[in-house]
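Novice:
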Amino acid sequence: MIWQIVKKEFLLSLMTFKFAVGVIVCIVLTAVFVPILARDYEQRLRTYHENVARDEAELQKVKVYRNIRPTVFRAPAVLSVFSEGLDKRIDASATIALGQVPRMRGAAAQGNPYQSIFPVFDASLIFRIVISVLALLVAYDAVSGERERGTLKLALSGHVRRSTILLGKLLAGMMVLVVPVTVVFVIALVILLSFPLVDLTSSDWGRIALMYVASLIFTAAMYNLGLLFSCLTRRSATSLVLGLFLWVFFVVVVPNGSVYLASQRRSVESRKALDAQIATWRKGCDRRARDSVTMEGDGSQSDAEDAFGSYYHRKLEGAAMKYYSAYYPIWHRLSIECADKCWEIERGYLAHLAAQKRVAADLSRISPICLYERAISTLAGTDEGSWQAFIDAVGEQRKGLIDYVRAKTDDFNATTLFTPYTQEQMAGLQREGQDPPLNLDDLPRFTYRSVAVRDIRRAIPDLGLLAFTNLLLFALSFVAFLRYDVR
Amino acid sequence: MIWRIVGKDMLENTLSLRFLLSMLLALGLFVAGSILFLDRHRTQTEDYWKQANENQSGLRERCDKLYRLAFYRQEVLRRPGALAFCAEGSEKSLPTLFQFTMFTKELAGAGGRSNYILPHFSDIDWAFIVSMIFSFVALVFTYDSICGEKEAGTLRLMLADAVPRYAVLLGKYLAAMLTLGLPLLVGMLASLIVVASSPDVALHPTAWLRIGVLVLLALLYLSIFVLLGISVSSRAAHAANSMVILLLCWVGLVILVPSLGRVVSDMSLKGPTQMELERNLQEASRQVWDNRDQYGERAGSMSHDLSWPGNNPPARARLRTAATEARNRVLEDHHDRMLAQVFAGRNFTSFSPAILYQRVAEAVAGTGIHHCVTVYRQIRQYQTDLKQYVHSVDSEDPNSLHLIFDEEGCAKSWQAVSHRPVDFDTVPKFQEREPPLGESVRSAIWDISLLGLFNAAFFAAAWISFMRYDVR
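First to last, the sequence lines map onto chains B and E. When the letters of the first sequence are read in order and numbered with the working numbering, they come out as residues 1 to 487. When the letters of the second sequence are read in order and numbered with the working numbering, they come out as residues 488 to 959.
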């Protein structure tokens with residue numbers, strides 16, 4: 001019996017005007033959005049490659065060990081086409097310096113701060129906005145509409161149980177809505193793959209499969225919401241209005257309101273005091289290093305430009321050589337120590353930012369649309385957790401660099417730390433032309449790939465909550481339908 | 488006759504569930520938004536005055552010698568607008584801290600309490616509520632205004648009488664605007680009560696005038712959606728179909744088109760990066776220094792001992808001034824390019840009435856990007872004023888070399904600028920001024936007329952569709 005109901009409902013919904021328009025709009029939007037997004041991705045990827053190449057070229061020019069200060073970049077995530085997340089809000093570059101622990105920074109400071117007025121734009125908008133409203137439109141008259149037409153009375157006068165009817169409606173609705181979700185995914189992927197620079201790895205495919213599942217669960221949740229209203233009201237127009245108002249609340253009010261509320265109720269400190277504190281620490285460290293060694297006597301010296309905007313000593317004689325040989329080891333040890341101290345201060349500030357974000361996320365959980373958005377951006381590797389993982393990897397890279405320089409310069413004691421020449425070579429040597437750069441082939445280069453398993457594990461709570469919403473809504477509509485007056 | 492239709496429709500609308508829901512939603516949002524606004528306005532105002540006082544006391548302290556005053560590096564925050572509860576214009580994530588000396592200014596930075604790991608969001612301000620929520624409510628009120636009556640059979644009855652069609656159309660339009668205006672005005676009133684009763688916000692008479700203009704603009708904007716609703720309603724055969732089409736129109740105009748901005752702005756113009764700026768600055772300064780001899784002999788060499796024969800103060804002044812000018816040019820150019828990039832994205836999306844409306848509201852409320860641009864302009868003006876002041880005071884001192892250029896060391900050791908004390912009260916101080924309302928409206932006139940054009944277009948569409956509507 002249930003399959004008969006499913007079949008009937010499926011065919012009825014499939015033939016409706018709203019469904020046809022909805023699917024056409026989804027197809028058109030996908031065909032318009034995905035090429036734009038893919039081109040944007042390609043552009044970002046090209047910029048990334050340029051940046052990496054420039055940095056590598058600069059690295060090849062370094063002449064002394066203390067000047068190894070590369071900037072590393074995070075490759076744009078190809079799945080940011082589906083969910084932009086924080087990709088354009090967080091700086092995708094980080095400088096690895098001996099005396100500074102890398103931290104997450106806003107993109108506005110490095111790029112164009114005025115661009116922060118623009119909202120996010122990605123393919124998941126199609127799901128969040130268009131398919132969610134389509135699900136509501138398919139569901140709103142499922143029960144109340146049948147009552148108005150009088151067919152519900154007829155159906156129930158047979159030997160059909162109410163639970164069968166409701167279950168049949170749910171199954172049919174899901175079967176109908178699988179169509180646009182699948183169509184959007186297939187078209188998006190086909191378009192995406194037609195771009196030459198887009199390369200999907202097997203873990204990307206796994207993520208996409210999960211996104212597909214997440215989209216289905218989300219669509220089901222919106223359908224169940226519509227079904228609940230349909231079971232609660234006697235007229236389909238009423239259930240439509242109720243459903244739409246709630247939809248607007250979920251889609252417009254909650255995502256903006258929750259963040260606004262969180263940003264007001266849990267205000268973060270201004271960076272000014274923090275920066276001043278850090279600057280004082282650094283100054284103190286510089287002073288301590290200077291005070292610990294004094295230059296005795298005279299010594300001539302000359303500098304030359306090095307990579308990464310720094311300089312190195314070309315000529316150091318007599319007292320100058322003695323002075324710097326003593327100064328630099330102390331200074332480097334102190335500055336690494338100071339970096340850890342500054343990081344302690346910085347960490348408190350970052351914890352504040354994260355706490356504010358967490359409050360906003362918790363508040364937004366009342367909306368299935370926000371749950372879905374978060375789940376998708378976690379799966380795409382563009383949420384703040386995966387950015388944190390990137391920054392942590394950069395931090396590890398810095399530790400590797402410190403160890404490397406330590407090993408190469410005999411724990412900062414060798415003169416190669418600040419000049420390409422040894423003391424003996426310096427003495428009275430006339431040097432013409434360029435100094436040879438360091439051979440940094442054995443320096444570990446930075447590579448970062450986000451770990452799919454970790455991202456997926458982070459997405460589980462939101463996905464679980466979304467699935468639970470489904471169950472809850474269906475249970476509620478079940479109760480409401482059992483008590484429904486079909487006359 | 489029109490008024491009878493208006494009366495009937497209004498009665499019907501106000502008794503409906505959708506009216507109740509929109510009233511509740513509007514009141515809740517307006518009140519909650521204003522309360523949150525007060526919270527933020529308080530912290531922002533505190534921060535602003537703290538910074539302003541620090542800046543003033545620094546200025547006062549440096550009045551002991553004119554040259555110290557001339558090289559004072561000022562830091563001011565963008566002033567939080569009292570009308571930000573009407574249209575906040577993403578100011579929270581725009582640059583707030585402006586640092587400048589008499590000679591040059593830095594690019595504005597984020598000095599506030601912004602949090603970059605928060606997703607992009609919009610404040611619950613009037614512009615947001617009107618452009619997102621009320622545009623939707625307008626469609627909910629009008630989606631069945633014509634076809635619903637046809638389905639109920641009452642349209643046929645009404646037109647069987649001697650009622651002309653235009654009267655029905657106008658009546659429906661007025662009724663929808665009035666029923667929509669009710670929750671809107673009630674909500675705005677509630678919000679104003681919350682804001683005006685707080686001691687932290689001072690609303691001047693001109694602010695009230697601006698609020699009045701904002702209310703009118705909100706009605707102009709909503710009228711677009713009412714007309715859109717009526718025209719689609721008089722095209723569709725069933726109310727349900729009309730709702731589907733209207734919803735998709737709304738989604739497109741209010742959500743999808745505005746979100747294209749970032750991508751368009753990224754793709755149309757290549758954004759200048761910080762790295763590029765640093766390279767350009769280095770290049771500009773290198774060019775000046777490489778051609779240092781054209782500013783006079785020995786311009787490149789300098790010793791703090793004025794009697795040293797290698798010194799050539801006028802040449803040095805010319806060189807340093809040229810370097811400062813080159814630097815300022817690069818900075819200005821960078822800033823202009825950043826603005827151009829953003830405006831490219833924003834102008835592209837302006838075929839959405841929601842963006843037009845938000846832009847107009849920002850202009851009238853004096854917030855948003857244009858606020859930043861205005862502060863920039865005023866700082867430039869202030870720099871000229873201060874320079875003039877320093878010139879005039881300096882010219883009275885016979886001991887000074889009367890060479891005002893951007894090198895503090897020389898001013899100190901050579902007495903290139905006077906070392907006399909100055910009277911703090913006569914020193915010009917930077918004070919951000921709000922542009923007059925007339926200027927704000929004039930800057931938005933193009934957008935306002937576009938809103939009007941949208942109205943006209945949708946009115947024509949509604950008119951034609953309804954005149955040709957088959958009422959059977």
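Ideal Cβ placement from N, Cα and C applies to all residues, glycine included.
Identify which residue in E/Ala827, E/Pro670, E/Ser609 has its Cα closest to the Cα of E/Pro759.
Specialist: When each option's Cα is compared against that of E/Pro759, the closest is E/Ala827.
Novice: Could you check which residue in B/Pro420, B/Ala361, B/Val21, B/Gln388 has the C-alpha nearest to that of B/Lys61?
Specialist: If we check each option's Cα against that of B/Lys61, B/Pro420 comes out closest.
Novice: Taking 8 Å as the threshold (C-beta atoms), are B/Thr378 and B/Ala221 in contact?
Specialist: No, the Cβ-Cβ distance between B/Ala221 and B/Thr378 is not below 8 Å.
Novice: Could you have a look at E/Lys874 and say whether DSSP puts it in helix, strand or coil?
Specialist: Note: E/Lys874 maps to helix in three-state DSSP.
Novice: Provide the residue(s) that pair with E/Gln586 in DSSP beta bridges, ordered along the chain.
Specialist: DSSP output for E/Gln586 lists E/Glu562 as bridge partner(s).
Novice: Thinking C-alpha only, which one of E/Met730, E/Ala809, E/His821 is nearest B/Lys18?
Specialist: Considering only alpha carbons, the answer is E/Met730.
Novice: Please name the residue in E/Ala727, E/Phe608, E/Leu570 whose C-alpha comes closest to that of B/Val21.
Specialist: Looking at the Cα atoms, E/Ala727 is the closest of the given residues.
Novice: With B/Ser364 as the anchor, note down where its alpha helix (DSSP H) starts and where it stops.
Specialist: Start and end: 319-364.
Novice: What are the start and end residues of each continuous beta strand (DSSP E) run of 3 or more residues lying completely inside the segment 225-305 of chain B, in chain order?
Specialist: The segment 225-305 of chain B contains these whole beta strand (DSSP E) runs: 301-305.
Novice: Between which two residues does the beta strand (DSSP E) harbouring B/Tyr65 extend?
Specialist: From DSSP, B/Tyr65 is part of no beta strand (DSSP E); its letter is neither H nor E.
Novice: Between E/Ile717 and E/Tyr660, how many whole angstroms is the CB-CB distance? I'm expecting something under 8 Å.
Specialist: The pair is a contact, with the Cβ atoms about 6 Å apart (cut-off 8 Å).
Novice: Less than 8 Å separating the beta-carbons of B/Leu216 and B/Val178?
Specialist: Cβ distance < 8 Å, so B/Leu216 and B/Val178 count as in contact.
Novice: With a threshold of 8 Å, are at least 3 pairs of Cβ atoms found where one atom belongs to the segment 255-265 of chain B and the other to the segment 349-368 of chain B?
Specialist: They touch, by the three-pair rule.
Novice: How is E/Lys552 classed by DSSP in three states: helix, strand or coil?
Specialist: It is coil, neither helix nor strand.
Novice: Under 8 Å by Cβ, that's how I've got B/Thr30 and B/Val184 pegged, so tell me the actual separation to the nearest angstrom.
Specialist: That belief holds up - the Cβ atoms of B/Thr30 and B/Val184 are roughly 5 Å apart, short of 8 Å.
Novice: Along the chain, which unbroken stretches of the alpha helix (DSSP H) at least 4 residues long are found entirely within the segment 82-157 of chain B?
Specialist: Segments of the alpha helix (DSSP H) lying fully in the segment 82-157 of chain B: 132-139, 144-149, 151-157.
Novice: Suppose you measure from the CA of B/Val133 to the CA of E/Gly515; what does that come to, to the nearest Å?
Specialist: B/Val133 and E/Gly515: Cα-Cα distance of roughly 23 Å.
Novice: Determine, using beta carbons only, whether E/Met510 comes closer than 8 Å to chain B.
Specialist: Not one chain B Cβ lies under 8 Å of E/Met510.
Novice: Name, please, each residue of chain E whose Cβ falls closer than 8 Å to the Cβ of B/Thr238.
Specialist: Ordered by position in chain E, the residues that pass the 8 Å Cβ test against B/Thr238 are Leu504.
Novice: Just by C-beta distance, which residues in the segment 615-639 of chain E are closer than 8 Å to chain B?
Specialist: The residues in question are Phe615, Met619, Ile620, Phe623, Val627, Asp631.
Novice: Output, in chain order, the set of chain E residues within a Cβ distance shorter than 8 Å of B/Phe308.
Specialist: Near B/Phe308 there are no residues of chain E at all, since even the closest Cβ is about 12 Å away, more than 8 Å.
Novice: Run through chain B and tell me which residues come within less than 9 Å of E/Gln586, C-beta to C-beta.
Specialist: Within 9 Å Cβ-Cβ: nothing; E/Gln586 doesn't reach chain B, min ~12 Å.
Novice: Leaving out the 5 sequence neighbours to the left and right, which residues in its chain are closer than 6 Å to B/Gln100 when beta-carbon positions are compared?
Specialist: Ala339.
Novice: Starting from B/Lys169 and walking both ways along the alpha helix (DSSP H), at which residues does that stretch end?
Specialist: It spans 162-193 - the alpha helix (DSSP H) in which B/Lys169 sits, taken as one unbroken run.
Novice: Can you tell me where the beta strand (DSSP E) with B/His313 in it begins and where it stops?
Specialist: Its beta strand (DSSP E) spans residues 311-316.
Novice: Quick check: the segment 393-411 of chain B against the segment 64-72 of chain B, are there 3 or more CB pairs under 8 Å?
Specialist: Flag = yes, the segment 393-411 of chain B and the segment 64-72 of chain B touch.
Novice: Name the one or two DSSP bridge partners that E/Gly596 has.
Specialist: According to DSSP, E/Gly596 bridges with E/Leu584.
Novice: Which residues bound the alpha helix (DSSP H) around E/Pro801?
Specialist: Counting along the chain, the alpha helix (DSSP H) containing E/Pro801 begins and ends at 800-835.
Novice: Whose Cβ in chain B lies nearer than 8 Å to the Cβ of E/Leu734?
Specialist: Near E/Leu734 (Cβ distances below 8 Å), the residues of chain B are Val133, Leu137, Leu244.
Novice: May I have the straight-line CA-CA distance separating B/Leu86 from E/Ala639, to the nearest angstrom?
Specialist: Taking the straight line joining both Cα atoms gives about 50 Å.
Novice: Strictly by DSSP, which residues pair up with B/Phe73?
Specialist: DSSP, once it has assigned bridges, lists B/Ser93 as partnering B/Phe73.
Novice: Give a yes or no on whether 8 Å exceeds the smallest Cβ distance from E/Thr960 to chain B.
Specialist: No answer is possible for residue 960 of chain E: it lies beyond the span of chain E, which begins at 488 and ends at 959.
Novice: Would you report the Cα separation of E/Thr532 and E/Asn542, rounded to the nearest angstrom?
Specialist: Between E/Thr532 and E/Asn542, the C-alpha separation is close to 15 Å.
Novice: Can E/Leu671 and E/Phe621 be called in contact, C-beta distance under 8 Å?
Specialist: In contact: E/Leu671 and E/Phe621 (Cβ atoms closer than 8 Å).
Novice: Mapping DSSP to helix, strand and coil, what is E/Ser927?
Specialist: Three-state result, E/Ser927: helix.
Novice: Pick out whichever of E/Ile742, E/Arg779, E/Val775, E/Phe587 has its Cα sitting closest to the Cα of E/Phe608.
Specialist: Closest by alpha carbon: E/Ile742.
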